[in-house]
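Undergrad: Going down the list, the protein sequences come from chains A and B. In this note's numbering, each residue carries its 1-based index in the first sequence increased by 3. In this note's numbering, each residue carries its 1-based index in the second sequence increased by 3.
Protein chains: 2
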Amino acid sequence: MDGTARGPKVVAARSLVEAAYETIRHDILTGDLAPGTKLRFEMLRARYGVGASTLREALTRLVGEALVTSEEQRGFRVAPISIEDFADLTRTRRLIEVEALRQSIVFGDDLWEAGLVAAFHRLSKVEEKLPDAPERQQDEFEERNRDFHRALIAACPSRWLKHMHAILFQQSERYRRIALCDRTVPRDVHTEHKAVLEAALARDVDLACRLEGEHIERTLEVLNELVASKALPLRS
Amino acid sequence: MDGTARGPKVVAARSLVEAAYETIRHDILTGDLAPGTKLRFEMLRARYGVGASTLREALTRLVGEALVTSEEQRGFRVAPISIEDFADLTRTRRLIEVEALRQSIVFGDDLWEAGLVAAFHRLSKVEEKLPDAPERQQDEFEERNRDFHRALIAACPSRWLKHMHAILFQQSERYRRIALCDRTVPRDVHTEHKAVLEAALARDVDLACRLEGEHIERTLEVLNELVASKALPLRS
DNA sequence: GTCAATAATAATTTCGAGATTTCAGAAAAG
DNA sequence: CTTTTCTGAAATCTCGAAATTATTATTGAC
């Protein structure tokens, strides 16, 4: 939300709508645009330097992804967050992602394995240097983490299941960034990822699905502890 | 797709974007705008009588619901349909809807039961007179059918599960309208609905979920037969 | 002082012309 | 004959002012 200078947001987009969409989305996911914030057009125009119609289209897209809410004739707001919402989100994502993983392991071929190992490797690299500068690396970590989870379910033949997963996974990024930034609750994400990877490569469907489910649930547990102990607000 | 005059589409919407969105969505769901159709702005402006930016916003919303596709700098198209897509859609919807129903039956109270019975009653009324004039009644049937399926899972406490369901259910409406219009394959939808209702009211979770799953799958079977026998194209 | 009606202000929503990009067909080169 | 380049036409994309609608402030009546 602050206007301090940071590195120019690198957004390779062909249309202005796309660029605005990606930048605003990023600002919402990082919390730079805080949950519940009213999104006035004058403010947005000054901030992102595009016209009203262009902004409107970008915001409409974000409404479709439930990152923004809109009320007829009353404009747009950053979608609120709450621990209850994250609990619901986590359970739903678990249902979808575990089923997708199950199918992916069954259908996955050598190419899938290769992509998976590659994604894990790249994720590991950024996980190593994550403790040094948590904030700086977060964008890269999120990207690698998303790619790894995508690679896990890449061989799932259901486009719709993967589409549902994409929506839910992006939603949870808002909460994940909060949970990962704070380091009060200790957690070894790398080991969790490694365990899932090995089970998947070993084609141990049940084990992989159980580990993946627990891995997904883990972030909720961390956030629950944070809310309980540190009185983390988590309100809109 | 034709420009012939038909009854004025009754759309109670506060904003023009909303009105355009609902009208276009309806035209896509009914097939009035055929799958794969290029959506040029001049054509849409003439047809729906709103400006380019307004249309753009309405279309963007439809892209979010996967009823329209967009390619950067190349405009919008009505999303294609295929029997493979419907098979995938059906399986995914079954996973979601059955899980939502399971939770709904567990959590449902008297008010839920009342709403369910009411929705079933209204659906029955339109199911009775459906054979007389299949085309005329289809809009009303779709609305009542949607309300009934919504009522079934209304007591499910997960907002996300219900959100996922809404997306998938709307998608399947396109295919359902095709399957229900054609009457070559006999089917007693009313009896299927009644069986699910009774199992749900009896709180027989497993039976209700099994019946609901079969009910969902049934439309796919019908459409599969249609494609096989009558050489129904089902391509974009 | 409270409430309702009205005016002033602020924000959202809509439009259509102009900038930019893609597409289709003809002409030229290989 | 095939491929490439060019050019006009057509379509998409963008902007900012104007219209519409909400919100706030003011006034007057009870």
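Ideal Cβ positions, reconstructed from N, Cα and C, are used throughout, including at glycine.
Can you tell me where the alpha helix (DSSP H) with Arg77/B in it begins and where it stops?
TA: Per DSSP, Arg77/B belongs to no alpha helix (DSSP H) and is neither H nor E.
Undergrad: Kindly say whether Arg149/A, judged by its beta-carbon, lies nearer than 8 Å to any beta-carbon of chain B.
TA: With 8 Å as the cut-off, Arg149/A does not count as an interface residue toward chain B.
Undergrad: Would you report the Cα separation of Val13/A and Asp142/A, rounded to the nearest angstrom?
TA: Note that Val13/A has pLDDT 48, beneath the 50 cutoff, so the model's placement of it is unreliable and no number is given.
Undergrad: With a threshold of 6 Å on Cβ separation, who are the neighbours of Ile156/B within its own chain once the five nearest residues in sequence on each side are excluded?
TA: Answer for Ile156/B: Ala103, Leu104, Ser107, listed in chain order.
Undergrad: Which runs of the beta strand (DSSP E) spanning at least 3 residues fall entirely within the stretch 34-120 of chain B, listed in chain order?
TA: The qualifying runs are 71-73, 79-81.
Undergrad: Please decide whether Ser3/B counts as near chain A, where near means a Cβ-Cβ distance under 8 Å.
TA: Here chain B has residues from 4 to 239 only, and residue 3/B is not among them.
Undergrad: According to DSSP, is Asp142/A helix, strand or coil?
TA: DSSP places Asp142/A in helix when its eight states are reduced to three.
Undergrad: Tell me the rounded alpha-carbon separation between Asp185/A and Pro83/B.
TA: In a straight line, the C-alpha of Asp185/A is about 45 Å away from that of Pro83/B.
Undergrad: With DSSP collapsed to three states, give me the class of Ala157/B.
TA: In this structure, Ala157/B counts as coil in the three-state DSSP scheme.
Undergrad: Drop a sphere of 10 angstroms on the beta-carbon of Val109/B, count the other beta-carbons inside from all chains shown, and report buried for 16 or more, exposed for fewer.
TA: Exposed.
Undergrad: By the 10 Å Cβ neighbour count, where 16 or more other Cβ atoms means buried, how is Ser18/B classified, buried or exposed?
TA: With fewer than 16 Cβ atoms within 10 Å of its Cβ, Ser18/B is classed as exposed.
Undergrad: Below 8 Å on C-beta distance, what does Gly240/B contact in chain A?
TA: Only positions 4 to 239 of chain B appear in the structure, and residue 240/B is not among them; the question remains open.
Undergrad: Going by C-alpha to C-alpha distance, which of Leu42/B, Thr93/B, Glu100/B sits closest to Arg162/B?
TA: Answer by Cα proximity: Glu100/B.
Undergrad: Buried or exposed for Lys132/B, going by 16 or more other Cβ atoms inside 10 Å?
TA: Classification of Lys132/B: exposed, given that the 10 Å Cβ count is below 16.
Undergrad: Which of the three DSSP states is assigned to Leu133/B in this structure?
TA: Leu133/B falls in the coil class under three-state DSSP.
Undergrad: If we define contact as Cβ-Cβ less than 8 Å, is Ser239/B a contact residue for chain A?
TA: At Ser239/B the pLDDT is 42, less than 50, meaning the model places this residue with poor confidence and gives no usable figure here.
Undergrad: In three-state terms, what does DSSP make of Leu237/A?
TA: Reduced to three states, the DSSP call for Leu237/A is coil.
Undergrad: Which of the three DSSP states is assigned to Val208/B in this structure?
TA: Residue state, collapsed to three classes: helix.
Undergrad: Using a threshold of 8 Å, state whether the C-beta atoms of Arg59/B and Glu75/A are closer than that.
TA: No. Outside cutoff.
Undergrad: Would you say Asp112/A lies against chain B (beta-carbon separation less than 8 Å)?
TA: So no, Asp112/A is outside the interface.
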